[in-house]
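Data block below; observations after.
2 protein chains.
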Amino acid sequence: MRLTADNINPNVRRAEYAVRGELAVKSEDYRARLSKGDASLPFEQVISANIGNPQQLDQKPITFFRQVTSLLENPELLKNEDVLINGLGYKTDVIERAKWLLKQVGSVGAYSASTGVTAIKESIAKFLERRDGFPADPAHIYLSAGASSGVNTLLNVMCVDKSTGILIPIPQYPLYTATLALLNATCVPYNLDESKAWGTDLDTIKKSYEKATAEGIDVRCIVIINPGNPTGASLSEDDVRAVIDFANQKNLVIMADEVYQTNVFVGKFHSVKGVLRQMQKENPGKYDSMELASLHSISKGMVGECGHRGGYFELVGFDPEVEANVYKYVSIMLCAPVISQCLVELMVNPPKQGEPSYELYNKEYTGIHEGLRERATALHKAFCQMEGVECAEPQGAMYLFPTIRLPKKAVDAAAAEGRQPDELYAHQLLDATGICVIPGSGFGQADGTLHFRTTFLAPGTEWVGSIVKFHQEFMDKYR
Amino acid sequence: MRLTADNINPNVRRAEYAVRGELAVKSEDYRARLSKGDASLPFEQVISANIGNPQQLDQKPITFFRQVTSLLENPELLKNEDVLINGLGYKTDVIERAKWLLKQVGSVGAYSASTGVTAIKESIAKFLERRDGFPADPAHIYLSAGASSGVNTLLNVMCVDKSTGILIPIPQYPLYTATLALLNATCVPYNLDESKAWGTDLDTIKKSYEKATAEGIDVRCIVIINPGNPTGASLSEDDVRAVIDFANQKNLVIMADEVYQTNVFVGKFHSVKGVLRQMQKENPGKYDSMELASLHSISKGMVGECGHRGGYFELVGFDPEVEANVYKYVSIMLCAPVISQCLVELMVNPPKQGEPSYELYNKEYTGIHEGLRERATALHKAFCQMEGVECAEPQGAMYLFPTIRLPKKAVDAAAAEGRQPDELYAHQLLDATGICVIPGSGFGQADGTLHFRTTFLAPGTEWVGSIVKFHQEFMDKYR
Numbered sequence: 001m002r003l004t005a006d007n008i009n010p011n012v013r014r015a016e017y018a019v020r021g022e023l024a025v026k027s028e029d030y031r032a033r034l035s036k037g038d039a040s041l042p043f044e045q046v047i048s049a050n051i052g053n054p055q056q057l058d059q060k061p062i063t064f065f066r067q068v069t070s071l072l073e074n075p076e077l078l079k080n081e082d083v084l085i086n087g088l089g090y091k092t093d094v095i096e097r098a099k100w101l102l103k104q105v106g107s108v109g110a111y112s113a114s115t116g117v118t119a120i121k122e123s124i125a126k127f128l129e130r131r132d133g134f135p136a137d138p139a140h141i142y143l144s145a146g147a148s149s150g151v152n153t154l155l156n157v158m159c160v161d162k163s164t165g166i167l168i169p170i171p172q173y174p175l176y177t178a179t180l181a182l183l184n185a186t187c188v189p190y191n192l193d194e195s196k197a198w199g200t201d202l203d204t205i206k207k208s209y210e211k212a213t214a215e216g217i218d219v220r221c222i223v224i225i226n227p228g229n230p231t232g233a234s235l236s237e238d239d240v241r242a243v244i245d246f247a248n249q250k251n252l253v254i255m256a257d258e259v260y261q262t263n264v265f266v267g268k269f270h271s272v273k274g275v276l277r278q279m280q281k282e283n284p285g286k287y288d289s290m291e292l293a294s295l296h297s298i299s300k301g302m303v304g305e306c307g308h309r310g311g312y313f314e315l316v317g318f319d320p321e322v323e324a325n326v327y328k329y330v331s332i333m334l335c336a337p338v339i340s341q342c343l344v345e346l347m348v349n350p351p352k353q354g355e356p357s358y359e360l361y362n363k364e365y366t367g368i369h370e371g372l373r374e375r376a377t378a379l380h381k382a383f384c385q386m387e388g389v390e391c392a393e394p395q396g397a398m399y400l401f402p403t404i405r406l407p408k409k410a411v412d413a414a415a416a417e418g419r420q421p422d423e424l425y426a427h428q429l430l431d432a433t434g435i436c437v438i439p440g441s442g443f444g445q446a447d448g449t450l451h452f453r454t455t456f457l458a459p460g461t462e463w464v465g466s467i468v469k470f471h472q473e474f475m476d477k478y479r
Numbered sequence: 001m002r003l004t005a006d007n008i009n010p011n012v013r014r015a016e017y018a019v020r021g022e023l024a025v026k027s028e029d030y031r032a033r034l035s036k037g038d039a040s041l042p043f044e045q046v047i048s049a050n051i052g053n054p055q056q057l058d059q060k061p062i063t064f065f066r067q068v069t070s071l072l073e074n075p076e077l078l079k080n081e082d083v084l085i086n087g088l089g090y091k092t093d094v095i096e097r098a099k100w101l102l103k104q105v106g107s108v109g110a111y112s113a114s115t116g117v118t119a120i121k122e123s124i125a126k127f128l129e130r131r132d133g134f135p136a137d138p139a140h141i142y143l144s145a146g147a148s149s150g151v152n153t154l155l156n157v158m159c160v161d162k163s164t165g166i167l168i169p170i171p172q173y174p175l176y177t178a179t180l181a182l183l184n185a186t187c188v189p190y191n192l193d194e195s196k197a198w199g200t201d202l203d204t205i206k207k208s209y210e211k212a213t214a215e216g217i218d219v220r221c222i223v224i225i226n227p228g229n230p231t232g233a234s235l236s237e238d239d240v241r242a243v244i245d246f247a248n249q250k251n252l253v254i255m256a257d258e259v260y261q262t263n264v265f266v267g268k269f270h271s272v273k274g275v276l277r278q279m280q281k282e283n284p285g286k287y288d289s290m291e292l293a294s295l296h297s298i299s300k301g302m303v304g305e306c307g308h309r310g311g312y313f314e315l316v317g318f319d320p321e322v323e324a325n326v327y328k329y330v331s332i333m334l335c336a337p338v339i340s341q342c343l344v345e346l347m348v349n350p351p352k353q354g355e356p357s358y359e360l361y362n363k364e365y366t367g368i369h370e371g372l373r374e375r376a377t378a379l380h381k382a383f384c385q386m387e388g389v390e391c392a393e394p395q396g397a398m399y400l401f402p403t404i405r406l407p408k409k410a411v412d413a414a415a416a417e418g419r420q421p422d423e424l425y426a427h428q429l430l431d432a433t434g435i436c437v438i439p440g441s442g443f444g445q446a447d448g449t450l451h452f453r454t455t456f457l458a459p460g461t462e463w464v465g466s467i468v469k470f471h472q473e474f475m476d477k478y479r
């Protein structure tokens, strides 16, 4: 029997991943048409605001990182240090770091140990210790091909079947629901509180947990995404504490997706690990059985090296036999890309003040951070002026997730096309302006609400103006 | 309830992956002890013959590839072409290729389209056309993070549950059984014919297929690994034709794992795609409904860039809706590492005769190929002299897979330890010599036979002598 959509794995068929779905495919078609000189489209460029892909838009890679990786790729260059320094402007710390990393990995073309290069795990542990003020153990750190791969590993180990429930924030990054669909496990949604800038609301979480438990679901884990994707929220320490306390009461694993930890504009980032260690210190014994998996990535932040597919996760409090199964699972795919492991090392251990590359590094890092803040603010300002649109102040991550209130006629027109209203909106926005955003329905949203997610990575203000203009025309059309 | 080995995903618990299992972990411990100056071990170095990891041992990366990737990592270097050429010896074709690839990918730090960079897929299609003499369509080529990731994708799409059967050669690369265990699908084993240098035997395949079908299994696919892992066999055109014809009769997808296609020492490599197209030409209409997935990788061959995690697969004859699900599945993990996609491009489109980098490229490529052949021959010669050992002549891949006949006392000693006899042998070999091989039981083997798999990547002949000496002592000990 030939394979057909009807007889393949129904879990794959059911999985949905809007970030790379129909809209993204259509936007790539438009891009291809434009590059072939097609002048029939009403725009001159496609702006991929559907995905946090900093270097596709304007973000330049950090010079120190790329100088080091160029030497890792071609260690023969290290035979000409004079040329590197005097001819190409490489600083001595670039050369030293490359030599040190090469000593650790051998060749970036060789497999590393399954969980990653030992010395890189040690660097990560030192970073976590500096960040949180509490020690970290390299033995419980796992390098991964981006945070997505880490999430995949952890959900594969945790989920048995439909009876396993995982608490997922709504709206969520659709990797979570897609992976749960692939595993045929149950998504237990809990709504974030839009009225409190998309913070967590413990009552809502409790209700979701209790409803699922009453239905016989074995709820095992709560996912938090902080700073939030798609919401852009940055959780307060109180919110983090409340989630930890609840997870501890119910014996839930916490999966902390913290890939946007440096993309914070308001307040500061509170890592679950740091807050947990603090709570353990304050309440001896009380939180000792907590299980926590925290994920980080080179894809986001000021690093923005998502094309390299690098990241890591740290496990805290896991049973050693469970960790042995995590090890086995990651070993089947052999190891994370070694050059991406090196980029993780560079991210967690960047040039320090006084070192030759520090000044430029700091200038680039700060420049990217400020640029993102400015773009977020400009976009937010535009949204606030749009009819029927409300948008929380930008706090973190790379996204804004405005509420849009659409006229009834637009809702009806969407229904006639078999689409959600925000899907119709996003399609028309793309068709009219070349700007690709993802409708809120791709992430999940409270019943009766409509949103879209846009990154604020694209440079310039012209595209912001295009959204404003489109929005007005859309509203007028369906009024 | 806390996670324990008893309540996690039983599919993960059940999966086995010997290549990175207990022996590999122990060998890494030995390596760490040696590097800390531990002098209590009876050897001075660990030789990881358990895994095809060329650059961990002696294989140098191809200069052209790494010069290009160094420029991809740091495009700023292209502002100093003079220094690159006159100071560092980069040839003009290195610079041109880097510029062309950068034009295609933007930045290697940016996500590409989910299935890979279009221009790279076009390069692969041209390579396939040159290799097979028949056209290939870039729209059906998918870049992946090594062939392992491609196998994972394809099995995830094909397998529904225990009722889905996949024909797997025995012995096999344990990625296949591990992935089937994760999917809770059924491995339908078919033994390769050791008496015919590990070729395929159609009667054996038929019997396995019929037995599984009689048990109600929906057999959907036959995997062939050519050249063979762990066997080192290189299939004849007749064997490939017979498998295609059988798959066509039974409507089986063929999954052709061809990652060792350039590691061939005897005869020539026959791609399933090329043979299928030839058969389709010879028999118009007869093979038109065949579904084929062929996989290739940058990890093996003379490229040996496994640490970069790159590869691709090509689909032939798949239903468009099934391909849409393949697309969706790969999009959830976003894209293969972009620098590894560029290495795929370099592999399939290396310098041509007359181009500035050709001479060195050709010298390096030929040198690696000849070196592997010499090492394989030396190791084979040693095995032929060992008591109770038989080994097929090296034909391809990076492995020898000798039969070992062990004394009854050794079999009893293994049973007393709860191990397979070849496992006992491999542990004692590692403990005595620092050489890590994988027992045949980690790959599957015909009942009553024992083997081990070793790579022939390690340089020198000393380690070969250590195996010979250990073997004699082991035989004497248990005689």
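Protein sequence lines correspond, in order, to chains A and B. The first sequence: position 250 = 250 (UniProt numbering), numbered continuously. The second sequence: position 295 = 295 (UniProt numbering), numbered continuously. We treat Cβ as the ideally placed atom computed from N, Cα and C, and that holds for glycine. Since we're looking at a predicted model, the values are computed, not measured.
Classify residue i: buried if its beta carbon has 16 or more other beta carbons within 10 angstroms, exposed otherwise.
| i | result |
| --- | --- |
| B:GLU22 | exposed |
| B:LYS300 | buried |
| A:MET1 | exposed |
| A:PRO284 | exposed |
| A:ARG479 | exposed |
| A:GLY434 | buried |
| B:ARG14 | exposed |
| A:ALA214 | exposed |
Looking at chain A, is there any beta carbon in it that lies within less than 8 Å of the beta carbon of residue i?
| i | result |
| --- | --- |
| B:MET255 | no |
| B:THR69 | yes |
| B:MET398 | no |
| B:VAL83 | yes |
| B:TYR329 | yes |
| B:MET333 | yes |
Less than 8 Å between CB atoms is the rule here; does residue i satisfy it with respect to chain B?
| i | result |
| --- | --- |
| A:GLU73 | yes |
| A:VAL12 | yes |
| A:GLU291 | yes |
| A:ARG20 | yes |
| A:ASN80 | yes |
| A:LEU379 | no |
| A:ILE244 | no |
In chain B, which residues lie less than 8 Å from residue i when you measure between Cβ atoms?
| i | result |
| --- | --- |
| A:HIS308 | VAL108, GLY109, PRO337, VAL338, ILE339 |
| A:TYR17 | LYS328, SER331, ILE332 |
Run down chain A in chain order and give the residues with a C-beta less than 7 Å from the C-beta of residue i.
| i | result |
| --- | --- |
| B:ILE8 | VAL157, MET158, VAL322, ASN325 |
| B:THR4 | ASP319, GLU321, VAL322 |
| B:MET475 | Within 7 Å Cβ-Cβ: nothing; B:MET475 doesn't reach chain A, min ~32 Å. |
| B:MET1 | ASN251 |
Please state the DSSP three-state secondary structure of residue i.
| i | result |
| --- | --- |
| A:TYR425 | helix |
| A:ILE51 | coil |
| B:VAL389 | strand |
| B:LEU400 | strand |
| B:ASP6 | coil |
| A:ALA18 | helix |
| B:ALA110 | coil |
| A:MET1 | coil |
| A:ILE224 | strand |
In chain A, which residues lie less than 9 Å from residue i when you measure between Cβ atoms?
| i | result |
| --- | --- |
| B:VAL344 | Result: empty, since nearest Cβ-Cβ is about 13 Å, beyond 9 Å. |
Give, in chain order, every unbroken run of the beta strand (DSSP E) that is at least 3 residues long and sits entirely within the stretch 142-214 of chain B. Correct list: 164-170, 186-191.
Can you list the beta strand (DSSP E) stretches of 3 or more residues lying completely in the stretch 262-346 of chain A, in chain order? Segments of the beta strand (DSSP E) lying fully in the stretch 262-346 of chain A: 292-297, 311-316.
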